[in-house]
Amino acid sequence: MRGRGFTQDAAAFETALAALASSPLRGRLHPGDRVEPFSRAPRTGRINDDGLPRALPPRNLSPVLQFRLFGIPVNVEPWFWATAFLLGGGLDIRDKRSLLFVGLWMILVFVSILVHELGHALSGRRLAGGRPAIRLWAFGGLAYNEGGRFTKKSRLIMILAGPGAGFLLFGAVVAGILIAFPGRSGWELTRALVVGGVPDDPRAALFVLSGTPTVFVLYSLLWINLWWGLVNLLPVHPLDGGQFAAEFISSRRRVHLIGLVVAAGVAAAALVLKEVFVALLFGFLAWQNYENMKRLAF
Ligand SMILES: [Zn+2]
Numbered sequence: 000m001r002g003r004g005f006t007q008d009a010a011a012f013e014t015a016l017a018a019l020a021s022s023p024l025r026g027r028l029h030p031g032d033r034v035e036p037f038s039r040a041p042r043t044g045r046i047n048d049d050g051l052p053r054a055l056p057p058r059n060l061s062p063v064l065q066f067r068l069f070g071i072p073v074n075v076e077p078w079f080w081a082t083a084f085l086l087g088g089g090l091d092i093r094d095k096r097s098l099l100f101v102g103l104w105m106i107l108v109f110v111s112i113l114v115h116e117l118g119h120a121l122s123g124r125r126l127a128g129g130r131p132a133i134r135l136w137a138f139g140g141l142a143y144n145e146g147g148r149f150t151k152k153s154r155l156i157m158i159l160a161g162p163g164a165g166f167l168l169f170g171a172v173v174a175g176i177l178i179a180f181p182g183r184s185g186w187e188l189t190r191a192l193v194v195g196g197v198p199d200d201p202r203a204a205l206f207v208l209s210g211t212p213t214v215f216v217l218y219s220l221l222w223i224n225l226w227w228g229l230v231n232l233l234p235v236h237p238l239d240g241g242q243f244a245a246e247f248i249s250s251r252r253r254v255h256l257i258g259l260v261v262a263a264g265v266a267a268a269a270l271v272l273k274e275v276f277v278a279l280l281f282g283f284l285a286w287q288n289y290e291n292m293k294r295l296a297f
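Residue numbers for the sequence shown follow numbering that gives the first Met the number 0, so the first one is 0 and each next one is one higher.
Below, the structure written as structure tokens:
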């Protein structure tokens, strides 16, 4: 069992990554997260013997919100709400309607990130014991487990359980739509909410064009949980996909090399597509992996 730790400053760019998912939503943001599955509870910001920085202890900022869910302590820091507000269009609030939508957006992001982190935390506790905890900060989430005894298999399952939980939520929303709109309407509505456009089906089209808060809620939930889950599975450390890949690659340096190449590729593609924000974010991820790689070379 290795006490593999990952940089916690990753959360800063997971915040940013969350925002990249916003492009299809024009100004809306999607959550980022990461999991910190360390088992020997490293508590310093120093470099591990495997060359990776250890997790920093939770900051002593007073959280805006603190509660327990399924026995798991959840801390929500002020930055979480601030970022959610800003990136959800908080500065563009002009009337009650936009205020309502920003408020809804904040709640939906909160619920979605929490579900994702619960996927990590609950599966980790079930498979490896330990004391899981969740923090939501800036736009990132962090699930960590102290004292858990992870095997490679249980760690892999725990890593996938985060995006898996998000996909389940996505599926639940789709199921709800299909029940409320039986037959073709439901499928067309789902497609329109996920990929955009107006459905051919009149009932579904009327619903989408109504632009009610319900449409906004469905639209946001589908986007956040599908898009973020997929982005998170890219083999770019420290995203879940990068952590998953790292379990199969013995060289830490290679983990970061892959992260660098994939992130740089995504950044370049985003530049071509003029998605400046996405380019910046993946550029940052690429840089982060490059820095880690360099450090491991010596
Ligand atoms: Zn995750």
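Idealized CB from N, CA, C, for every residue including glycine.
- Under DSSP, Gln65 forms a beta bridge with Asn74.
- Using a cutoff of 8 Å, the CB of Ile223 does not count as near ligand 1, since none of the ligand's heavy atoms is closer than that.
- With the rule of 3 Cβ pairs closer than 8 Å, the stretch 202-222 counts as touching the stretch 173-189.
- Ala296 carries a coil assignment under DSSP once its states are collapsed to helix, strand and coil.
- Using a C-beta cut-off of 8 Å, the stretch 202-216 makes no contact with the stretch 137-144, since fewer than three inter-stretch Cβ pairs fall below that distance.
- Relative to Leu238, the option among Gly161, Ala266, Arg67 whose CA is nearest is Gly161.
- By the criterion of at least three beta-carbon pairs nearer than 8 Å, the stretch 281-288 is in contact with the stretch 247-261.
- Excluding residues up to 5 positions away in sequence, Ala262, Ala263, Ala266 lie with their Cβ nearer than 8 Å to the Cβ of Gly282 in the same chain.
- Counted as a single uninterrupted DSSP element, the beta strand (DSSP E) harbouring Leu135 occupies residues 130-136.
- Using a Cβ distance threshold of 9 Å, Glu246 and Lys151 count as a contacting pair.
- Between the stretch 65-80 and the stretch 90-102, the count of Cβ pairs shorter than 8 Å is below three; the stretches do not touch.
- Taking C-alpha positions only, Leu221 is separated from Gly147 by approximately 32 Å.
- Between Leu135 and Asn74, the CB-CB gap stays under 9 Å.
- According to the DSSP assignment, Leu233 belongs to no beta strand (DSSP E), since it is labelled neither H nor E.
- Here the alpha carbon of Ala244 sits roughly 6 Å from the alpha carbon of Pro234.
- DSSP places Gly182 in no beta strand (DSSP E); its state is neither H nor E.
- When secondary structure is reduced to three states using DSSP, Leu103 falls in the helix class.
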